[in-house]
Amino acid sequence: MLYFSKWKAFAILAVSAIICLMAVPSLLSQSAYDSLPSFLQRKIVLGLDLQGGSYIVLQVDAQSVRKIRLEQLRDDARRVLRDAKIGYTGLAIQGEAVEVRIREGQDVEAALTQLRTLALPIGGAMATTGQLDTDVSRSGNTIELAPTSAGVQSRTIQAVSQSIEIIRKRIDQLGTTEPSIQRQGADRIQVQVPGLQDPSRLKALLGQTAQLTFRLVDNTMSPQQALQGRAPAGTDVLTSQDNPPVPYLIEQRVLVAGEDLTDAQPGFEPTTREPVVTFRFNTNGARRFAEATQANVGRPFAIILDNHVISAPVIREPILGGSGQISGNFTVQEANDLSILLRAGALPVPLQVVEERTVGPGLGADSIRAGLIASIVGATLVALFMVATYGLFGVIANIAVAINVGMIFGLLAMLGATLSLPGIAGVVLTVGIAVDSNVLIYERIREEARAGRSAISAIDAGFSRALSTILDSNITTFIAAAVLFYVGSGPVRGFAITFGIGIMTTVFTAFTLTRLMVALWVRWQRPQRVPI
Amino acid sequence: MRLLRIVPDDTNFDFIRFRRISFPISALLSIVALVAFFTMGLNFGIDFKGGTLLEVRYANNTLNIADVRSRLESLDLGEVQIQEIGGEGEVLIRVAQQPGGEQAQQQVVSKVRAALGEGVEYRRIEVVGPRVSQELLSYGIVGLMMAVVCILIYLWFRFEWQFALGASIANFHDIVLTIGFMAIFQIDFDLTSVAALLTILGYSLNDTIVIYDRIREMLRRYKKMPTDELLNASINSTLSRSVITHVTVTLALLALVLFGGRAIHSFSVTMMFGVVLVGTYTSIFIASPLLIYLGVSTRAMAEKAEKEAKSANSKAERLAP
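Chains as they are written, first to last, in this note's numbering: chain W, 1 to 532; chain L, 1001 to 1321.
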């Protein structure tokens, strides 16, 4: 156990040194770090709990995905049946399906054929599963179109991917460093934005669908009448976001929608100096807007964002240039944020915030300080105790533990792992447990010496007997850490990572470094007596 | 230099006989823990209960806790806990989960912000919706059970089944006592507590295995020794290690409890209790004496070895032409 060939000793030292050195880039200043060759540009990322920032989980609501799909099916069914000149009645959404009654019995087969074209294979035309996203069934003259749950699921997954793109565009506009936007499970998006002072602005940017539409205001009755009685067909009562909200009676028909915008910028109205958002339509949007405004001079139209009326100006003259502005008592930041939302585009479905954790930069800095102090105090206490108990062998143990900690940070950097406050606790705990492997070895050496072995033979036997124990006991702890990594999230996972890596490095140093150092000492001193 | 020696070399305490005292004590403590768990319950944090937590700081002694309380109570948000923490005008505000789904939770923060007005630093904001808190709780429970099962399987492979069973009973005892401790002192039970419980589990096993390893070694070597004597010898010969490691882990945890900051305080305190008070006690006084009841004995080992040798012989005979 105490013999090391030169090569083996060299290999052990080299591996330890290289892993420790991997931690160095994390300590460098940003400019020095950037000047490193790219294969060395790996560093430990501080968790949001240490550097401050926001962690937000958004969820795509499967129910609204289904609702959107149902509305789409209803509109498509109307179009298909009209194009095929098939008479129908009662086309409407009933629960989780669209139902339509075909007037003439002989048309039902033709209608079925036509409506079946609306069911699309899941995963697009190239898909091989052969599953369709809609069930088309008939009972008598009634045809039912029901989105399948697999279809809704695949649309949810699609909606998540599209939303991630749009969210990325929105967050990039905030100019924060290294935001992370990831899919979490089938229907969630995890957003992490470090170093943000005000999470409410971030949430406002994420939580809005930002579906912009331009629609005409219906003047045939007042919104109050519509609310009390029956609103005319094809209209909705929408409100503004003022306090108290002002109701408007708005036609459902959309003149132009946000998809047709090519640009949106915050600006100021030249005469009133009020913040506004100026926008430009693409060709299609410009043409439709021009036609609509030409036909409706003198009538008010409404600019609607996510079912709220932002403003409802009267069309004074046809707007032909394809650009315009939105004014709505904005503050400068509101105008800025609205233009960000309009540039990034609308989310395909509404997203809900289901979890939010924000740590202010002040608390983050405090946590770093606390973690640092706890580490230093903990390590010092343990080191002193080891020296008091084992003397020179205690020093050897301390060197091994120090290298052990260096290797933990090196491995964290190599993995690009995140260091959180619980992660620091994991390191501190590792220090406490890492010395255990040394304790096991040393106690065993003492026992063997007491049993009457010579010093060298006791040391040799101590190592070989203790190592199997070290392995056994650490594997169980490692299992606990692995499970924790698997089920945990955020900071807890940070703890599991450092703790798990710590266990591995502990076993490594016990098997190699401690043994090597003791072997060198034995060769140099030729001890007659075990010094512990 | 004279070295520190906490456990004298010739220590020979009769741990096995001491089980007549330690087992009833453990049974009693477990009952107390269970009663506390069922009557007082755990103080679930927002991770598992859902709701909103805000940590705010008022600069330069501008904190008026009564004013904060009246402002927040006027919001009519149901159960609101306000707790002054630290000495620097810091307040922890907990708002219970609001009825009305995910959207309702989101409005709490803006309402509180509006009520507290300007001049407040928001150091931490956490909002956990009903759906996520449900999931986190089930993940936590599944995680704990998974860890126990995985470790059991490992032990079963590595040791005899009696050892695996003994370790799991000891483990269960640790978890029960720690949960009882958390119920009695109403320590926040959140995600980090699950981490603490799992670590306690791993650590306590670590300790148990060191002793079991020694018992196994002795069983192989001293086939004639009476079982209780053998168990005692195993515990005593590893006692020095148990105590020293115990001290180093205590020192590390002490640093975390005293200086690690509030964010991990409940984690550190729980670990301190679980690892330092329970874990080591369990491995020495419970896990090892338990083996006697589970049928580990030198005679059983000898018989088994004999049987194995015989079957190996007969196999060899059958194979030999």
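Here a beta-carbon is modelled for each residue, glycine too, at the ideal position from N, C-alpha and C.
Predicted, not measured: the structure shown is a model, and the values here were computed from it.
Buried versus exposed, by CB contacts within 10 Å (16 or more), S1242/L:
buried
In terms of residues, what are the limits of the alpha helix (DSSP H) holding P361/W?
361 to 390
By Cβ distance, which residues of its chain are closer than 7 Å to I44/W, with the 5 residues on each side in sequence left out?
S26, F409, L412, A413, A417, L419
Under 8 Å from the C-beta of T113/W: neighbouring residues of chain B
Given the protein chain composition of this structure (W and L), no chain B is represented.
For the pair the segment 1153 to 1165 of chain L and the segment 427 to 445 of chain W, tell me if three or more CB-CB distances fall below 8 Å.
no
When DSSP labels each residue in this structure, what does L1094/L get in the three-state scheme?
The question names Leu, yet the displayed sequence has Arg at residue 1094/L. Strand at R1094/L.
Is the Cβ-Cβ distance between T213/W and I304/W less than 8 Å?
yes
Are any of the Cβ atoms in chain W nearer than 8 Å to that of F1273/L?
no
Tell me which same chain residues have a C-beta within less than 6 Å of the C-beta of A1033/L, skipping the five on either side of it?
V1176, L1177, G1180
Quick one: using the 10 Å Cβ neighbour count with 16 as the cut-off for buried, is T509/W buried or exposed?
buried
Using a Cβ-Cβ cut-off of less than 9 Å, give me the residues of the segment 1130 to 1144 of chain L that come near chain W, in sequence order.
P1130, R1131, V1132, S1133, L1136, Y1139, G1140, V1142, G1143, L1144
Between S1110/L and chain W, is there a C-beta pair that is closer than 8 Å?
yes
Give me the chain L residues within the contact set of Y88/W, using Cβ-Cβ distance strictly less than 9 Å, ordered along the chain.
None at all; the shortest Cβ gap to chain L is about 37 Å.
Tell me, to the nearest whole angstrom, how far the beta carbon of I326/W is from that of Q173/W; I am working on the premise that it is less than 8 Å.
At roughly 18 Å, the Cβ-Cβ gap does not stay under 8 Å, so I326/W and Q173/W are not in contact.
Please list the segments of the alpha helix (DSSP H) lying wholly inside the segment 1150 to 1233 of chain L, counting only runs of 4 or more residues, in order along the chain.
1161 to 1184, 1191 to 1221
Beta carbon of I1151/L nearer than 8 Å to that of I479/W:
yes
Backbone CA spacing between M1272/L and G488/W [nearest angstrom]
21 Å
Runs of alpha helix (DSSP H) wholly within the segment 459 to 490 of chain W (minimum 4 residues, chain order):
none
C-beta neighbour in chain W for V1176/L, strict 8 Å:
no
Determine the DSSP secondary structure at V237/W, reduced to helix, strand or coil.
strand
Against Y1281/L, what residues of chain W qualify as contacts under a CB-to-CB distance less than 8 Å, listed in chain order?
Chain W residues near Y1281/L: none, gap ~17 Å exceeds 8 Å.
Quick check on this structure: which residue in L520/W, P527/W, R529/W has the alpha carbon closest to the alpha carbon of L2/W?
L520/W
Threshold first: 4 residues or longer. Then list the alpha helix (DSSP H) segments lying entirely within the segment 289 to 321 of chain W, N to C.
none
Could you list the residues in the segment 1198 to 1218 of chain L with a C-beta less than 7 Å from some C-beta on chain W, going in chain order?
L1198, T1199, L1201, G1202, Y1203, L1205, N1206, I1209, V1210, D1213
Using the beta-carbon of each residue, which ones in chain W are nearer than 7 Å to R1158/L?
D472
Along chain L, which residues have their Cβ under 8 Å away from the Cβ of Y390/W?
L1003
Considering only residues of the segment 46 to 90 of chain W, which uninterrupted beta strand (DSSP E) runs meet the minimum length of 3 residues and lie entirely inside it, listed in chain order?
53 to 60
Whose C-beta lies closer than 6 Å to the C-beta of P1321/L among residues of the same chain, with five residues either side of it excluded?
In this prediction, P1321/L has a pLDDT of 47, which is less than 50 and means its spatial position is unreliable; what the coordinates show is noted afterwards. Correct list: empty, nothing qualifies.
Just checking, does the segment 211 to 225 of chain W make contact with the segment 247 to 258 of chain W on the three C-beta pairs under 8 Å criterion?
yes
Roughly how many angstroms separate the alpha carbons of D75/W and K1111/L, rounded to a whole number?
40 Å
Assess contact between the segment 1247 to 1267 of chain L and the segment 1179 to 1196 of chain L, defined as three or more Cβ pairs (one per stretch) separated by less than 8 Å. Is contact present?
yes
Just curious, the beta strand (DSSP E) that F279/W is in, first and last residue?
275 to 281
Is F463/W close to chain L? Criterion is C-beta to C-beta, closer than 8 Å.
no
Proximity of V1275/L and V1249/L at Cβ, strictly below 8 Å:
yes
Since R215/W sits in a beta bridge, which residues does DSSP pair it with?
A302/W
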